[in-house]
Structure formats: structure tokens, C-alpha cells
Amino acid sequence: MGFVSVANDAGLATITLSRGRVNALNEPMVEEIDKWFADIEPDAAIKGVVLRGAGSFFSFGFDVPELLGYSKDEFVRFLRKFNSLCAKIYLYPKPVIAALNGHAVAGGCLLALTCDYRIMVKGKARIGLNEITFGAPMFSGGVEMLTSLVGNRNGERVLLLGAMYSAEKAQAMGLVDEAADDAGIAERVKEISHQFCQKDPEPFRIVKRLIRKPVAEKMSQGGENSIRDFADIWYSENTWRKLQEIKIHG
Amino acid sequence: MGFVSVANDAGLATITLSRGRVNALNEPMVEEIDKWFADIEPDAAIKGVVLRGAGSFFSFGFDVPELLGYSKDEFVRFLRKFNSLCAKIYLYPKPVIAALNGHAVAGGCLLALTCDYRIMVKGKARIGLNEITFGAPMFSGGVEMLTSLVGNRNGERVLLLGAMYSAEKAQAMGLVDEAADDAGIAERVKEISHQFCQKDPEPFRIVKRLIRKPVAEKMSQGGENSIRDFADIWYSENTWRKLQEIKIHG
Amino acid sequence: MGFVSVANDAGLATITLSRGRVNALNEPMVEEIDKWFADIEPDAAIKGVVLRGAGSFFSFGFDVPELLGYSKDEFVRFLRKFNSLCAKIYLYPKPVIAALNGHAVAGGCLLALTCDYRIMVKGKARIGLNEITFGAPMFSGGVEMLTSLVGNRNGERVLLLGAMYSAEKAQAMGLVDEAADDAGIAERVKEISHQFCQKDPEPFRIVKRLIRKPVAEKMSQGGENSIRDFADIWYSENTWRKLQEIKIHG
Numbered sequence: 012m013g014f015v016s017v018a019n020d021a022g023l024a025t026i027t028l029s030r031g032r033v034n035a036l037n038e039p040m041v042e043e044i045d046k047w048f049a050d051i052e053p054d055a056a057i058k059g060v061v062l063r064g065a066g067s068f069f070s071f072g073f074d075v076p077e078l079l080g081y082s083k084d085e086f087v088r089f090l091r092k093f094n095s096l097c098a099k100i101y102l103y104p105k106p107v108i109a110a111l112n113g114h115a116v117a118g119g120c121l122l123a124l125t126c127d128y129r130i131m132v133k134g135k136a137r138i139g140l141n142e143i144t145f146g147a148p149m150f151s152g153g154v155e156m157l158t159s160l161v162g163n164r165n166g167e168r169v170l171l172l173g174a175m176y177s178a179e180k181a182q183a184m185g186l187v188d189e190a191a192d193d194a195g196i197a198e199r200v201k202e203i204s205h206q207f208c209q210k211d212p213e214p215f216r217i218v219k220r221l222i223r224k225p226v227a228e229k230m231s232q233g234g235e236n237s238i239r240d241f242a243d244i245w246y247s248e249n250t251w252r253k254l255q256e257i258k259i260h261g
Numbered sequence: 012m013g014f015v016s017v018a019n020d021a022g023l024a025t026i027t028l029s030r031g032r033v034n035a036l037n038e039p040m041v042e043e044i045d046k047w048f049a050d051i052e053p054d055a056a057i058k059g060v061v062l063r064g065a066g067s068f069f070s071f072g073f074d075v076p077e078l079l080g081y082s083k084d085e086f087v088r089f090l091r092k093f094n095s096l097c098a099k100i101y102l103y104p105k106p107v108i109a110a111l112n113g114h115a116v117a118g119g120c121l122l123a124l125t126c127d128y129r130i131m132v133k134g135k136a137r138i139g140l141n142e143i144t145f146g147a148p149m150f151s152g153g154v155e156m157l158t159s160l161v162g163n164r165n166g167e168r169v170l171l172l173g174a175m176y177s178a179e180k181a182q183a184m185g186l187v188d189e190a191a192d193d194a195g196i197a198e199r200v201k202e203i204s205h206q207f208c209q210k211d212p213e214p215f216r217i218v219k220r221l222i223r224k225p226v227a228e229k230m231s232q233g234g235e236n237s238i239r240d241f242a243d244i245w246y247s248e249n250t251w252r253k254l255q256e257i258k259i260h261g
Numbered sequence: 012m013g014f015v016s017v018a019n020d021a022g023l024a025t026i027t028l029s030r031g032r033v034n035a036l037n038e039p040m041v042e043e044i045d046k047w048f049a050d051i052e053p054d055a056a057i058k059g060v061v062l063r064g065a066g067s068f069f070s071f072g073f074d075v076p077e078l079l080g081y082s083k084d085e086f087v088r089f090l091r092k093f094n095s096l097c098a099k100i101y102l103y104p105k106p107v108i109a110a111l112n113g114h115a116v117a118g119g120c121l122l123a124l125t126c127d128y129r130i131m132v133k134g135k136a137r138i139g140l141n142e143i144t145f146g147a148p149m150f151s152g153g154v155e156m157l158t159s160l161v162g163n164r165n166g167e168r169v170l171l172l173g174a175m176y177s178a179e180k181a182q183a184m185g186l187v188d189e190a191a192d193d194a195g196i197a198e199r200v201k202e203i204s205h206q207f208c209q210k211d212p213e214p215f216r217i218v219k220r221l222i223r224k225p226v227a228e229k230m231s232q233g234g235e236n237s238i239r240d241f242a243d244i245w246y247s248e249n250t251w252r253k254l255q256e257i258k259i260h261g
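Chains as they are written, first to last, in the working numbering: chain A, 12 to 261; chain B, 12 to 261; chain C, 12 to 261.
Next up, the structure:
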């Protein structure tokens with residue numbers, strides 16, 4: 012434990028991803044994030060959640076060097092837990108605001124996509140789903156969340172080209188909702204969170220569910236098959252070789 | 012009767028909402044609008060319809076003070092009639108152009124969303140679905156029409172934040188198709204209506220139906236449950252109290 | 012045969028539509044395009060495909076004067092083959108880039124919509140689905156591809172108004188991905204094709220399929236009925252008269 016810290020400021024909980032320099036995701040960290048969201052859910056005093064990263068990264072995604080030590084069964088179990096965490100945040104009954112204080116890449120980008128609103132820092136930070144550049148596909152949950160946010164055309168471009176986007180470019184595509192200066196992002200996250208947290212919880216939950224339920228159903232329907240496909244490709248010769256290179260040079 | 016007036020100018024019918032200062036919707040007015048659309052439908056001489064408001068409003072939505080006098084059963088009946096009117100205009104076989112000459116809010120915004128094209132006046136007029144600000148959710152028909160027009164991301168922002176948008180901001184989101192000066196809106200509505208009315212009725216009907224049928228089916232599938240949910244929240248203690256405040260101060 | 016030419020440059024195949032001045036589509040040409048895509052598919056040495064037109068047109072769509080000589084059964088057979096070609100390219104396992112070197116209209120526009128990326132030349136070239144201007148509707152495959160690319164609102168505008176768009180306007184709607192100068196389009200097509208062809212074939216195929224399969228299923232589900240509707244309207248008195256005028260003056 013200890014890869015995630017939580018603070019509560021006047022009814023707004025802040026969950027901070029904090030693991031190494033890049034907040035890379037492994038199984039215990041995914042479990043820990045999941046536990047925090049579960050713990051906060053029934054607490055009526057907490058009106059909303061901010062999800063952010065410690066240091067200069069939001070999250071660089073899966074911890075590839077560590078994951079290369081997982082057996083295929085362990086890796087599938089990890090993917091299932093991660094997919095289930097995404098689904099939980101995606102339908103979370105309270106507002107969740109992503110404060111993208113730095114790179115949000117691959118699995119880190121997916122975590123950001125689960126939130127109700129994304130504010131990203133301008134400058135060197137990049138967001139993207141670059142799985143295809145190291146030979147990995149995407150599981151259906153990621154595809155569904157992405158295309159429901161940015162449409163099929165932008166979604167294809169993001170996934171099939173695997174490019175990284177600045178805050179401004181991401182905003183133009185709808186991948187993030189706002190681009191903020193480094194000096195102003197914390198204030199802006201507060202303002203937006205406050206706007207969300209003012210709403211009555213019951214209509215908020217109902218409306219969010221009416222919009223997101225069809226997407227969430229497609230996420231879970233296609234989930235298991237596409238997780239299997241993802242794992243098969245991950246352990247294929249070609250992709251495994253590229254992942255080893257990440258391990259050595261990354 | 013008498014809350015709606017209809018004029019026919021060379022095959023283009025104009026339906027004008029005209030009730031009080033803000034053209035607020037009650038049950039007789041919804042029935043009257045419905046009747047006019049039904050009457051015009053079989054008339055081959057009428058090529059299209061313009062829907063507008065009298066005075067300086069399009070429609071401010073439901074007449075809350077009057078609706079607070081309805082029993083819950085009467086309110087549910089009203090919601091069903093309104094939802095059914097929206098579905099009728101949404102799949103109307105002739106073109107329907109919304110001339111948003113002033114505020115189009117909540118139920119008034121939903122009426123605008125049913126049309127084939129929205130032209131909104133610049134300046135003080137605002138459009139939005141602000142139900143959440145007085146503690147009400149949205150029924151599925153409204154969610155489906157909205158997200159099919161502006162996508163899920165903008166749809167969430169509109170519904171979960173409940174903000175009001177100027178013509179220019181609404182156009183940037185896709186909530187309206189054009190923003191026009193007060194002096195030019197009538198002329199522009201004529202031009203666009205003429206473009207729509209030139210098309211052959213049969214392919215127009217078929218193509219409109221191919222695009223809108225899946226949305227209309229989701230509107231009717233989720234309709235009854237979400238209308239019940241809407242009514243339950245409307246009569247909940249918290250929302251009822253906020254509605255009383257609208258009644259007193261609004 | 013001979014309406015399509017194919018060249019291979021270092022693993023990138025270029026399929027050039029080449030029939031008369033406007034590359035208008037008839038049954039043998041549709042069969043020929045289909046055959047080329049089928050031939051290339053199993054060839055692992057070919058990483059991707061560019062689809063372009065010879066001369067100053069991409070394709071002006073169906074060869075109306077020739078199609079007016081088809082019996083209704085022959086016309087329905089032609090529509091089925093064209094629809095099936097669209098579905099094949101839409102789910103093609105290799106990247107397909109549309110180089111829109113000139114007008115891409117009606118059936119020519121639909122061919123462009125099947126591709127993974129569209130680069131269109133600036134200037135006089137226009138893209139659009141103008142079927143409604145000569146009294147024809149659209150079959151469901153075209154509607155589904157279009158709305159998945161540009162959303163329902165832009166899709167309705169394109170289909171119900173039947174307007175023609177410059178490269179810049181088409182890009183603003185999402186109908187094409189880039190607008191390029193005449194002098195620079197060939198180079199830009201190469202650059203983008205190279206970006207797509209670098210990706211590993213297996214994750215490319217899986218991700219493309221995850222995004223496009225639901226659209227493709229709707230294309231085939233609604234296909235036969237909407238093809239019948241299309242043919243019925245095509246042979247209706249009103250539309251037939253308009254098509255004769257195209258034959259005489261076009």
C-alpha cells in the first residue's frame with residue numbers, strides 16, 4: 012500500500028497517484044485506487060473527487076518492466092482489475108475531475124477518460140493512447156470510452172496512429188475539456204469541481220447514468236474477449252520484443 | 012386553446028408559441044402544438060414548418076408555478092404528452108426549422124432539439140437544459156436527442172453543469188446550427204427553410220428516418236422509466252422546495 | 012476490365028480509378044475495384060493502400076446515363092455489389108488512405124468515406140452526398156458511415172441539404188481529415204500512408220475492427236431494405252424524370 016494518497020478539503024476528496032517518478036500502474040496500485048473509490052462512495056459528506064498525479068506526471072500507464080514479470084494468467088487478472096476500475100469510475104455516482112498535471116499516457120490516459128471532466132496543463136505534458144506503437148491493441152472498454160468522448164473519426168486517429176497530444180491539441184479533439192497554465196490549473200480544478208459538487212447528488216447520478224450506461228454496457232459486453240485478445244498480442248513474439256526494448260531503454 | 016398561432020406563407024407554415032410573456036408550457040399548450048403538427052402533416056401543400064416564439068422568448072420551458080398545482084398522476088400524464096410531442100416532431104416527415112428568437116430553456120430547449128435546424132438570435136438570448144440546477148434530472152428522450160446532436164462529452168457538460176449558452180457558444184457546441192443578428196434572423200430562417208422545402212418529400216422522409224429512427228427508438232424504450240424517475244425526483248422534498256422558490260421568486 | 016490501375020511502391024499499393032473524364036462508377040468498375048482489394052488483402056508485402064482518381068476527379072459517383080439503361084433488377088444487383096464493396100473497404104485489415112485529388116460526389120464520396128483517412132485537394136474540388144437534389148435517398152450503409160464520421164447533426168445537414176463542400180469546409184465538419192494544396196497533396200498522402208503502414212498489422216486490424224464493427228453490422232442489417240427503398244425511389248416517376256435531365260444535360 013501507499014501508492015495512492017487521499018486528502019479531503021471541505022467535501023472534495025483528492026486522490027493522488029504516487030508511485031515512482033511516473034506513477035506507473037501495477038496490480039497493487041490498481042487495487043488501492045479501486046479501494047479508495049469504494050470507500051468514498053457511501054460517504055455523503057464527500058461531494059466529489061479530484062484525480063491527479065504526484066510530481067510532474069499524471070500517470071505514464073502500465074508499469075511495463077514490472078508487468079513483463081507477470082505470467083499470462085497474472086497479466087489477464089491485472090487487465091480485468093484495471094478494466095473493472097475504469098468501469099467503476101466511469102459510472103461513479105459522484106463527480107470525478109481529472110487534474111492532468113503531466114503526461115497521461117496509455118493506461119494513464121484511460122484513467123483520465125473515465126472522469127467527468129479533464130483539465131490538462133499546457134506545456135510539455137502529453138496525452139495519448141500509444142499502445143499501437145509498441146504493438147499492442149486496445150480493449151473494448153478503452154475504445155468505447157474514447158469514441159463516446161471524441162467520436163469515431165478522432166478515436167480512430169488516436170488509436171491507429173498512436174500519437175501524443177499537447178493540452179491544446181487534445182482540447183481541440185475533445186480528448187480534454189480545458190487546457191490551463193501550470194500556475195492556474197489548481198485554481199481552475201477547484202472552480203470546476205465546485206460547479207459539479209453544487210449539483211444535487213440524485214439527479215446528477217441519474218443523468219450521468221442515462222448518458223453513460225449504454226457505453227458501460229458495451230464496455231462490459233466486449234470486455235472479456237478483448238482482454239483475451241490484448242493479452243494474446245502482448246505475449247506475441249513481435250510485441251514482446253518491443254516491450255523488452257521499453258524495459259531496457261525506457 | 013389560443014396558445015399557438017399558425018400562419019401559412021406559400022407552403023411554409025409558421026407555428027408561433029404564444030402564452031404569457033415567456034411562452035411557458037402547460038398541458039393544454041402541449042396538446043395544441045401536437046394538434047397543429049398532426050393537422051399539417053397530411054397537407055401536401057405545406058412543404059415545411061417554422062417553430063418560433065412570440066415576443067422576446069422562444070420558450071422558457073415548463074410553467075413551473077402551474078405544474079406545482081398538478082397531482083403526481085397529472086404531472087406524469089403531462090410528461091408523457093410532452094415526450095410524445097417531442098418524438099412526433101423529431102420524426103416529422105416535413106422539415107421543421109427552429110427560429111430561436113429568444114431564450115430556449117429546459118422544455119423550450121428540448122422542443123428546439125426536435126427540429127431539423129436551429130437558428131438562434133445573438134445577444135441576450137440563452138439556450139440550455141438547466142433542470143439539474145433546480146434538482147431535476149432529464150428523461151431519456153431529452154438525453155438521446157441531445158447526445159445525438161452534440162455528442163456524449165458536450166451532452167454531459169450541458170446536462171451535468173446546467174449552464175446557459177449564448178448563440179455563439181451554442182453554435183460552437185453544435186447545440187444550434189447558426190447564430191444570426193436580430194435584424195437578420197427572419198430572413199435567414201426563410202432562406203434555410205426554402206433550402207429544406209425544395210427537396211423532394213419522399214427521399215427527405217426516408218433519409219431523415221434512417222438517421223433518426225435509432226435515436227427515436229431509444230427515446231421510446233427508455234421513455235416510461237425515465238419519466239417515472241423524473242416525476243419521483245420532481246416530487247422529492249429537496250426538489251419540491253427548490254421549485255417552490257422558483258414559484259415565489261421566478 | 013481496365014477501369015482501375017494498381018501500382019506498388021515499396022509496400023504501398025495505389026489503386027487509381029480511371030474511367031472516362033469523371034471516373035463514374037458502373038458495375039464492371041465496382042467489380043474490378045472489389046477484385047483488386049481482394050487480391051491485395053493476403054499479400055503481407057503490401058502494408059497499405061492509397062485510393063485515388065485519375066485526372067482531375069476522384070469520382071463523380073454512379074454513371075447515371077449508363078445506369079438508366081439497367082433494368083430494376085440489374086440496378087438492385089449493382090447497388091448490392093457497391094454496398095458490399097463499401098463494407099469490404101470499411102473493414103479492410105490494412106490501412107486505406109483516400110487521396111481526393113478532385114470531386115468526390117455521391118457514390119464517389121461514399122467510397123472516400125470507407126477509408127481510414129481522407130486528404131482532399133484545396134481549390135475547385137468538392138465533396139458531398141447530393142443524392143437528394145435529384146430525388147434519391149441514401150441507403151443505410153452510407154448513412155451509418157457518414158454519421159459515425161461527422162455525427163448525426165452534420166450528417167443530417169450533408170444528406171438533407173445535399174450541399175457540396177470545399178476541402179476546408181469538409182475538414183471543418185470532419186468529412187475529410189486534411190486539406191492540402193494541389194502541389195503538396197501527393198507528398199502529404201505519402202507521409203500519412205507511411206505513418207499508418209508502420210503500425211503492426213495485427214493490433215491495427217484488431218483496433219480498427221473494434222471501432223468499426225458496430226457500424227459495419229448496422230450497414231449490413233439495414234442494407235437490403237434500404238437498397239430496395241433506394242431502387243423504388245430511383246424508378247419513381249419524379250426521380251426518373253430528374254435523372255433523365257442529368258442524362259441529357261449532365
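No residue lacks a Cβ here, since even glycine has one placed at the ideal position from N, Cα and C.
The beta carbon of Gly185 (chain B) sits closer than 7 Å to some beta carbon of chain C.
Only residues of its own chain outside the window of five on either side were considered, and among them Phe89 have a CB closer than 7 Å to the CB of Tyr81 (chain C), listed in chain order.
Listed as beta-bridge partners of Tyr176 (chain B) by DSSP are B:Ile138. Under the 7 Å criterion on CB atoms, Val116 (chain C) is classed as non-interfacial with respect to chain B. Residue state for Arg30 (chain C) is assigned as coil, using DSSP reduced to three classes. Counting other Cβ atoms within 10 Å of its Cβ, Gly113 (chain C) reaches 16 or more and is therefore classed as buried. Taking 7 Å as the CB threshold, Leu90 (chain B) stays off the interface with chain A. For Asp45 (chain C), the enclosing alpha helix (DSSP H) begins and ends at 38-51. A residue is called buried when at least 16 other Cβ atoms come within 10 angstroms of its Cβ; Asn19 (chain C) does not meet this threshold and is exposed. By the Cβ neighbour-count rule, Gly234 (chain A) is buried, with 16 or more other Cβ atoms within 10 Å of its own.
At a cut-off of 7 Å between beta-carbon atoms, Ala227 (chain C) makes no contact with chain B. For His114 (chain A), the beta-bridge partners assigned by DSSP are A:Phe68.
The beta carbons of Val116 (chain C) and Phe71 (chain C) sit closer together than 7 Å. At a beta-carbon threshold of 7 Å, none of the residues of chain C lie near Leu78 (chain A); the nearest stands roughly 17 Å away. Using beta-carbon distances, Gln206 (chain B) counts as an interface residue toward chain C, with a partner under 7 Å.
The three-state secondary structure of Gly185 (chain C), taken from DSSP, is coil. No Cβ of chain A is located within less than 7 Å of the beta carbon of Pro148 (chain C). Residues of the region 153-176 of chain A that bring their beta carbon within less than 7 Å of a beta carbon in chain B comprise Ser159, Leu160, Gly162, in sequence order. The three-state reading of DSSP puts Ala190 (chain A) in strand, counting E and B together. Leu36 (chain B) has its alpha-carbon roughly 19 Å from the corresponding atom of Trp251 (chain B). The C-beta of Pro39 (chain A) comes no closer than 7 Å to any C-beta of chain B. Taken through DSSP and simplified to helix, strand or coil, Gly59 (chain B) comes out as strand. Ranked by Cα distance from Gln206 (chain B), the options B:Asp127, B:Glu43, B:Asp240 are led by B:Asp127. Rounded to the nearest whole angstrom, the C-alpha separation of Ala191 (chain A) and Gly195 (chain C) is 35 Å.
An exposed status is given to Lys83 (chain C), since fewer than 16 other beta-carbon atoms sit within 10 Å of its beta-carbon. Any Cβ of chain B closer than 7 Å to the Cβ of Asp45 (chain A) would place that residue at the interface, and such an atom is absent. The C-beta distance from Val187 (chain A) to Met149 (chain A) rounds to 19 Å, too long to meet the 8 Å contact threshold.
In the structure shown, Ala109 (chain A) adopts extended strand secondary structure according to DSSP, grouped into three states.
Between the region 221-237 of chain A and the region 92-103 of chain A, the count of Cβ pairs shorter than 8 Å is three or higher; the stretches touch. Beta-bridge partners assigned by DSSP to Met131 (chain A): A:Leu111, A:Ala190. Put simply, the backbone Cα of Gly119 (chain A) is about 10 Å away from that of Gly64 (chain A). Proximity of the region 239-249 of chain A to the region 212-227 of chain C meets the contact definition, three or more beta-carbon pairs being nearer than 8 Å.
Looking at the DSSP output, Thr25 (chain B) sits in a beta bridge with B:Ala18, B:Val61. In this chain, the alpha helix (DSSP H) harbouring Gly234 (chain A) covers 234-245. For the set A:Ile57, A:Phe145, A:Glu198, A:Ser247, the Cα lying nearest the Cα of Gly22 (chain A) is the one of A:Ile57.
Taking CB atoms only, Ser29 (chain B) has no neighbour in chain A less than 7 Å away.
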